[in-house]
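Asks:
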Amino acid sequence: MSDENRTASTAKMEMYEHYCVEPSCRAWGSFGYDRGRGVTDWWCSEHVPRDENGERKMSY
1448 MSDENRTAST
1458 AKMEMYEHYC
1468 VEPSCRAWGS
1478 FGYDRGRGVT
1488 DWWCSEHVPR
1498 DENGERKMSY
């Protein structure tokens, strides 16, 4: 497919900052979970919810 018929974007690209939802943690939240209605929780690798085997949970 060709994208030649589209115009170039003129809007400035913005960086969204997602920090860990744990209180007092200022680490980057790279693991996100969408709770719906536009609300997303973000966790750092240290605080991401894990099961009893230490694996990351797929559903929070």
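Residue numbering for the sequence shown follows the numbering used here, starting at 1448 and increasing by one per position. We treat Cβ as the ideally placed atom computed from N, Cα and C, and that holds for glycine. On a predicted model such as this, the values are computed, not experimentally measured, just so you know.
(1) Thinking C-alpha only, which one of Phe1478, Thr1487 and Gly1485 is nearest valine 1495?
(2) May I ask you to list the residues that DSSP assigns as paired with serine 1487?
(3) Who pairs with tyrosine 1463 in a beta bridge, going by DSSP?
(4) Using three-state DSSP, classify arginine 1473 as helix, strand or coil.
(5) Measuring alpha carbon to alpha carbon, tell me which of Glu1493, Tyr1480 and Val1486 ends up nearest serine 1471.
Replies: Taking the coordinates as given:
(1) In the sequence shown, counting from the first residue as 1, residue 1495 sits at position 48. Nearest option by C-alpha distance: Phe1478.
(2) As a position in the sequence shown, residue 1487 is number 40, starting the count at 1. One point to set straight first is that residue 1487 is threonine, not serine, in the sequence displayed. DSSP, once it has assigned bridges, lists Asp1481 as partnering threonine 1487.
(3) Mapped onto the sequence shown, residue 1463 falls at position 16. Per DSSP, none; premise fails for tyrosine 1463.
(4) What you label residue 1473 is simply residue 26 of the sequence shown in a count that begins at 1. Of the three classes helix, strand and coil, the one that applies to arginine 1473 here is coil, per DSSP.
(5) Residue mapping note: residue 1471 aligns to position 24 of the sequence shown, counting from 1. Nearest to serine 1471 by alpha-carbon distance, out of Glu1493, Tyr1480 and Val1486, is Glu1493.
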